[in-house]
Amino acid sequence: MLWPLTRRRHVTNPQLAQRIDAVRDQNPESERWLALVEAAFAESGSDGAWGDAVLTILEARPVRAPILHQSQIAVRRRVLHRWVREILDLASADGSLEPVELLEAALCQDDSRLETPELRVAAQMAALPLLQTCGRALAAQVPSSWWEGYCPVCGAWPTLAEFRGLERKRWLRCGRCATGWEVAWLRCPFCDETQHANLGYLAPEEGETTRKVEVCDTCKGYVKAEPTVKHLAAWEIVLDDLATVPLEVAALDRGYHRPERPGFALEARIVEA
Ligand SMILES: [Zn+2]
Ligand SMILES: [Zn+2]
21 MLWPLTRRRH
31 VTNPQLAQRI
41 DAVRDQNPES
51 ERWLALVEAA
61 FAESGSDGAW
71 GDAVLTILEA
81 RPVRAPILHQ
91 SQIAVRRRVL
101 HRWVREILDL
111 ASADGSLEPV
121 ELLEAALCQD
131 DSRLETPELR
141 VAAQMAALPL
151 LQTCGRALAA
161 QVPSSWWEGY
171 CPVCGAWPTL
181 AEFRGLERKR
191 WLRCGRCATG
201 WEVAWLRCPF
211 CDETQHANLG
221 YLAPEEGETT
231 RKVEVCDTCK
241 GYVKAEPTVK
251 HLAAWEIVLD
261 DLATVPLEVA
271 ALDRGYHRPE
281 RPGFALEARI
291 VEA
């Protein structure tokens, strides 16, 4: 099947469409990335294409393992092939992997199986609709106290921290499956540092002051943080991440970084149904 290269998917949620336009205006250089995000959320919202994925969860998994660890996920072959082709075309990326292998590598954040940076980015976006489905399906199974810094569903490091509501409770949010988990105010998600002398934050000098970057001087990790009224929608996590690149640059300039390895080396299988 052939898809025209310029084929663009648009989201139907008006708030999301508006936000994409705003981010596009502010960050014209991120157009390529934004097109992938838009396609991925259009796909996530499209009449349940991924909603009937069958998750087989391992009940007796290790205590610190995310829910998807050693799971098997059956996805519809037609949907999988159509969607992976679409996202690779949009990203002008190509690789030797079968769609099922590409999606599995992205799900497990196994970059060694993805040859180029372009393919890694495209693969992460390709996995987004499935990860969102998993996040929704497994939300009720997320332990109410989860002490790890990585996502209790998919094992990724948090994309951002929310300071939620009047009480300013601190929630970490996953930009892949949108899962949120509440954590202590002073605790580094990457190395579990709790000594406040080693934890701090960077805030912009001017302009917007509500967002900041939490930094840890023990492991040099950082995570962006923002106050929220209630939990952010899945797409808000991804777009807020994109819209706060200057904060990221400030952190990198000061020698902070994101861990190279994923939070948890997830082992999961995707099969075609
Ligand atoms: Zn996750
Ligand atoms: Zn740390």
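Start counting the sequence shown at 21; every next residue gets the next number (the working numbering).
Virtual Cβ for every residue (Gly too), placed ideally from N, Cα, C.
The structure presented is a predicted model; accordingly, all values stated were derived computationally and were not measured.
Using CA atoms only, rank isn't needed, just tell me which of the options is closest to residue i.
{"i": "Ala146", "options": "Asp109, Ala253, Gln38", "result": "Asp109"}
{"i": "Arg84", "options": "Arg39, Ala293, Glu292, Ala285", "result": "Ala285"}
{"i": "Arg98", "options": "Gln92, Tyr276, Trp70", "result": "Trp70"}
{"i": "Pro82", "options": "Pro209, Lys240, Glu168, Cys236", "result": "Glu168"}
{"i": "Ile93", "options": "Trp103, Ala80, Thr76", "result": "Thr76"}
{"i": "His101", "options": "Leu122, Glu202, Arg184, Ile87", "result": "Leu122"}
{"i": "Arg156", "options": "Arg281, Leu88, Ala288", "result": "Leu88"}
{"i": "Ala42", "options": "Ala263, Lys244, Lys250", "result": "Ala263"}
{"i": "Gln288", "options": "Leu36, Gly275, Arg207, Pro86", "result": "Position check: residue 288 holds Ala in this sequence, whereas Gln was assumed. When each option's Cα is compared against that of Ala288, the closest is Pro86."}
{"i": "Gly175", "options": "Pro282, Arg190, Ala80", "result": "Pro282"}
{"i": "Pro266", "options": "Arg193, Lys244, Leu252, Trp255", "result": "Lys244"}
{"i": "Phe210", "options": "Arg184, Cys239, Thr230, Leu272", "result": "Cys239"}
{"i": "Ala204", "options": "Val173, Leu186, Trp166", "result": "Trp166"}
According to DSSP, is residue i part of a helix, a strand, or is it coil?
{"i": "Ile40", "result": "helix"}
{"i": "Gly155", "result": "helix"}
{"i": "Pro18", "result": "There is simply no residue 18 to check, as the chain begins at 21 and stops at 293 in what is shown."}
{"i": "Ala3", "result": "Any question about residue 3 goes unanswered here, given that the chain covers just 21 to 293."}
{"i": "Leu122", "result": "helix"}
{"i": "Arg193", "result": "strand"}
{"i": "Val83", "result": "coil"}
{"i": "Val141", "result": "helix"}
{"i": "Val203", "result": "coil"}
{"i": "Val249", "result": "coil"}
{"i": "Leu22", "result": "With a pLDDT of only 44 at Leu22, under 50, the local geometry of the prediction cannot be trusted, and the value read off the model is given with reservation. Reduced to three states, the DSSP call for Leu22 is coil."}
{"i": "Ala17", "result": "As displayed, the chain neither begins before 21 nor continues past 293, which places residue 17 out of reach and without an answer."}
{"i": "Phe210", "result": "coil"}
{"i": "Arg231", "result": "coil"}
{"i": "Arg29", "result": "coil"}
{"i": "Glu187", "result": "coil"}
{"i": "Gln92", "result": "strand"}
{"i": "Arg274", "result": "coil"}
{"i": "Glu182", "result": "strand"}
Run the proximity test for residue i: is its beta-carbon closer than 7 Å to any non-hydrogen atom belonging to ligand 2?
{"i": "Glu213", "result": "yes"}
{"i": "Gly241", "result": "yes"}
{"i": "Phe210", "result": "yes"}
{"i": "Cys236", "result": "yes"}
Does the CB of residue i have a neighbour CB from chain C at under 8 Å?
{"i": "Asp41", "result": "Among the chains of the structure shown, chain C does not appear; only one protein chain is present."}
Inset, instruction - Under 6 Å from any heavy atom of ligand 1, by CB: list those residues in chain order, please. - result: Cys171, Val173, Cys174, Ala176, Cys194, Arg196, Cys197, Thr199
Inset, instruction - Determine, using beta-carbon pairs with one atom in the segment 179-197 and one in the segment 150-157, whether at least three such pairs fall under 8 Å. - result: yes
Legend entry - At least three beta-carbon pairs within less than 8 Å, the segment 125-145 to the segment 33-48: no
Inset, instruction - Decide if the segment 234-245 is in contact with the segment 205-221; the criterion is three or more beta carbon pairs, one per stretch, under 8 Å apart. - result: yes
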